[in-house]
Structure formats: structure tokens, C-alpha cells
Amino acid sequence: MALRTLLFLALVAAVTASAGHGVHHLTTDSFAEAVGDGKVYLVKFFAPWCGHCKRLAPTWDQLGDAFKDSDRVVIASVDCTEQKEVCTQAEIRGYPTLKVYHGGKAVDSYRGGRDLESLKAYVQDQAKQLLDETTA
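Per mature numbering (1 follows the signal peptide of the UniProt record, and there is no 0): the sequence shown = residues -17 to -1, 1 to 119.
This is how it looks when you write it as C-alpha cells:
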């Protein structure tokens, strides 16, 4: 009985850990349709072995959580070691690369601070500019 309980708790922990963040993981098959849906996407192109990417990961998860209920903004990521076609088309040259997409097109590259507040302020500003332009 104790073994069943431990296995159940481990399963619950694994599901909770993977489902807890609002980061959308895009693939070659889902990328174009996703970034063309009318929302503003901030996409992190990364490689799992990249040290800078590993340091950014917890902040990126927090950013995803901050916008997970937004109807205007999506925080996403693309693993360039698995989704090479998307990263080639996006002209990714280094990791992590952060790009804003709207209407199916890359509209900006982020080069600011990698802290949560800087990222939040940037994506909110981009959403305001891009979405208010399309409704004006």
C-alpha cells in the first residue's frame, strides 16, 4: 500500500511540475498557426545545453505564469535542438534569442534586461503598441 501511495504522489508531482507554467512550447507544426492567431507572442528560442538559457528558464516560467490568463499575450518557447526548421526560418544565430511575433511576423527582438520586471514591462508595452494599432 505504501508503494502505491508513493507512486501516486510521484505521478501527481510530475504532472503538477509540467503543467504549472503558462509557457507554450511551440514546434515546427504549431509555430506558424500559433504566432498568426492575432495575439502578441514573446518567443524564447533556446538550446537546453545553453548556460544563459538555463539561467533564464526560471524567470521565463514566472513570465509565463504572469500572462497565462491573458487574452492578448502569449509567452512561448522553441527548443532549437528539436525544432531546427523553425529556428532556421527565424534566423536564430545565438541562444537565447527573444523575439516578438504578431500577425504571423517577427516584429521586434528583445535585447533588454533578463529580470522578470523588465520582461513584463517590455511585453506589456509591445502588446499595447501592436494591439492598439490594429484596433485603431
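We put the beta carbon where it would ideally sit given N, CA and C, even for glycine.
Counting the other Cβ atoms within 10 Å of the Cβ of P41 gives fewer than 16, which makes it exposed. Proximity to S92 across H8, F28 and G5 peaks at F28, based on C-alpha coordinates. Ranked by how close their Cα comes to the Cα of A30, the residues T10, D115, L99 and E65 have E65 in first place. DSSP places H4 outside both helix and strand once states are collapsed to three, so it counts as coil. In this structure, V23 sits near A110, with a CB-CB distance shorter than 7 angstroms. In this structure, DSSP gives D52 a state outside helix and strand, which the three-state scheme calls coil. Within the DSSP bridge table, the entry for Y24 names V57 and Y84 as partners. Pairing G5 with D48 gives a Cβ-Cβ distance under 7 angstroms.
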